[in-house]
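In my numbering, the protein residues as written are 152 to 530.
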């Protein structure tokens, strides 16, 4: 019998030759790679919440989908508290952000609608759109004027469906922010729905970490997605919006209907994380101070400027150079990863520096000193 997986092996070999081969690595060194922005994943606050939940008899596993026997009281408590915290009518807890975006874009936009998405939108949104029935168009990154022109063109052809504008609050690989006020104004003028993926903004941006769209989240034409495995330190995702849309997801979203419910214990941890955001004022202040320190040191030591968030991309261009610098920095004790196409556009391979409360300011300074030296040596 011939090798049934010869083509797979050949594909992997080509990835190795192009420095695009991916492999799992253990956690080692100072954290510049995780999305644990507030350092909650290993915090005493969440450990205590886990112990308390177990003592209260909160189940570890759900045992089934939410529509069968998997709907626990802890899920519903979280959804009620999240809706209040994020200022929306209702919330739905799902197993993760990827599944949540699958649910949103495969079931909410209808046939005859248009999903207009930012060119740098997350892969999960693309997969959700592929499963949906709406027409899809992209607009250049953060270019609200171009988005408006596409809508005008689409309408001029007689299309009368709903427009859904899909963006990220903080873009995961570039670290820049969506122009939310302008996007919302566009949505209002076009009777459109604005869908904001707050994955990298939740817990970090806005008042008490409510995200970049916190001021508009109460509007019926705004849907926001808050993932729970980044700054909130647990896992899962919360879709927030109008009650009719949440009920539609419960009834129509296959990624919700046919998935085993998230752990009730995990729901208790997310509740605890939201309470930390509300009551621990120093947490968010420390995180923002650390990010500002990183911005200053990046400019002072490496001449890197223009960063807007806790995600600092160092664009290097060539895949090989990104891999080499990442390896050099790992050897010096920093957990820094190279990001290559197709995750980012071709020719924009980079180091993605993630600033979290897991890493002290003096270590951040030392890392930028080493990065400056390595860039000079490899220039």
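Positions of the beta carbon are idealized from the N, C-alpha and C atoms, including for glycine. All values reported here derive from a predicted model rather than from experimental measurement.
Here residue 404 is near residue 254, since their CB atoms are less than 8 Å apart. The three-state reading of DSSP puts residue 515 in helix, counting H, G and I together. Scanning 465, 242, 496 and 272 for the CA closest to the CA of residue 525 turns up 465. Unbroken alpha helix (DSSP H) stretches of 4 residues or longer found wholly inside the segment 423 to 495: 432 to 453 and 470 to 482, given in chain order.
Sequence-distant partners of residue 378 (beyond 5 residues in either direction) whose C-beta falls short of 6 Å from its own C-beta, in its chain, are 248, 350 and 388.
Every beta strand (DSSP E) of 3 residues or more that sits fully in the segment 256 to 295 is shown, in chain order, as 265 to 269 and 286 to 290. Within its own chain, the residues whose Cβ lies closer than 6 Å to the Cβ of residue 283, once the five positions on either side in sequence are excluded, are 256, 257 and 260, listed in chain order. For residue 241, there is no enclosing alpha helix (DSSP H); the residue is found in the beta strand (DSSP E) stretching over 241 to 245. For residue 318, the enclosing beta strand (DSSP E) has its first and last residue at 314 to 319.
The way I'd put it, the segment 313 to 327 does touch the segment 266 to 277; three or more beta-carbon pairs between them come closer than 8 Å. Less than 8 Å separates the beta-carbon of residue 460 from that of residue 326. Out of 510, 473, 499 and 390, the CA that lies nearest to the CA of residue 246 is found in 390. Shown here for residue 239: same chain residues with a beta carbon closer than 6 Å to its own, the five before and five after excluded, namely 368, 391 and 392 in chain order. Counting along the chain, residue 340 sits inside the alpha helix (DSSP H) bounded by residues 331 to 340.
Non-local C-beta neighbours of residue 470 in its own chain, meaning closer than 8 Å and more than five positions away in sequence, comprise 169, 170, 171, 489, 491, 492 and 500, ordered along the chain. Rounded to whole angstroms, the Cβ separation of residue 213 and residue 223 is 6 Å, and the two are in contact under 8 Å. Under the three-state reduction of DSSP output, residue 203 falls in the helix class.
Taken through DSSP and simplified to helix, strand or coil, residue 385 comes out as coil. In the DSSP assignment, residue 505 forms a beta bridge with 462. For residue 353, the three-state secondary structure derived from DSSP is coil. In this structure, the beta-carbon distance from residue 418 to residue 225 falls below 8 Å.
According to the DSSP secondary-structure assignment, residue 500 is paired through a beta bridge with 468. Residue environment: residue 413 is assigned as buried (16 or more neighbouring CB atoms within 10 Å of its CB, all protein chains considered). Straight-line spacing of the CA atoms in residue 337 and residue 363 works out to 16 Å.
Counted as a single uninterrupted DSSP element, the alpha helix (DSSP H) harbouring residue 226 occupies residues 224 to 237. Closest in alpha carbon position to residue 287, among 313, 522, 309 and 519, is 313. DSSP, read as helix, strand or coil, puts residue 346 in strand. Assigned with DSSP and collapsed to three states, residue 209 falls in coil, not helix or strand. Counted as a single uninterrupted DSSP element, the stretch harbouring residue 411 is not any alpha helix (DSSP H), since DSSP gives it neither H nor E. Here DSSP, grouped into helix, strand and coil, assigns residue 378 to strand. In this structure, DSSP gives residue 522 a helical state, which the three-state scheme calls helix. The alpha carbon of residue 230 has as its nearest neighbour, out of 218, 463 and 243, the alpha carbon of 243.
Excluding residues up to 5 positions away in sequence, 180 and 181 lie with their Cβ nearer than 7 Å to the Cβ of residue 484 in the same chain. Assignment of beta-bridge partners to residue 392 by DSSP yields 241.
Excluding its 5 nearest sequence neighbours in each direction, residue 420 has C-beta neighbours in its own chain below 7 Å: 197, 200, 201 and 385, listed in chain order. Here the alpha carbons of residue 453 and residue 399 stand approximately 49 Å from one another.
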